[in-house]
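Quick notes on the structure that follows.
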Amino acid sequence: MKFKFRYDSVLAVKELLISEKEKELRHLNVKIEKKKMLIQKLEDENLHLFERNAQRNMRSSELRSLKNYQNYLIEKEKRERELLKTLMYQREKLIAKIAELSKD
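So for the sequence shown, this note's numbering puts the first residue at 125; every next one is plus one.
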């Protein structure tokens, strides 16, 4: 006869909750990595924008357009960094929640 622990159902529910939170954490980590890659891409594009066009003689309207595009890239990078901070904060909360569930 096998011994049945009184709280087996509670343990099963806890394990299910932990596995769901870990799955959520994996998805969040993927989002964070994609966001980091996007930020790196924006940084690279902004860095190489004027390097590619520095050799050309440009009219003032072209230069203004280029500067506007650079400002757009800078603002987009700032927004993406803010979103990344939010995702990182969510990840820290999720890790704390998993630790709390595991501890009980």
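Even for Gly, the Cβ is constructed at its ideal location relative to N, Cα and C.
N-terminal and C-terminal residue of the alpha helix (DSSP H) that residue i is part of
i    : result
M212 : S184 to K227
Residue i - DSSP class collapsed to helix/strand/coil
i    : result
R180 : coil
Neighbourhood of residue i by C-beta distance below 7 Å, restricted to the same chain and skipping five residues each side
i    : result
I142 : I222, L225 and S226
Close beta carbons around residue i, own chain, < 8 Å, minus the five adjacent residues each side
i    : result
Q214 : L152
I156 : L208, L211, M212 and R215
E148 : L218
L197 : L166, E169, N170 and L173
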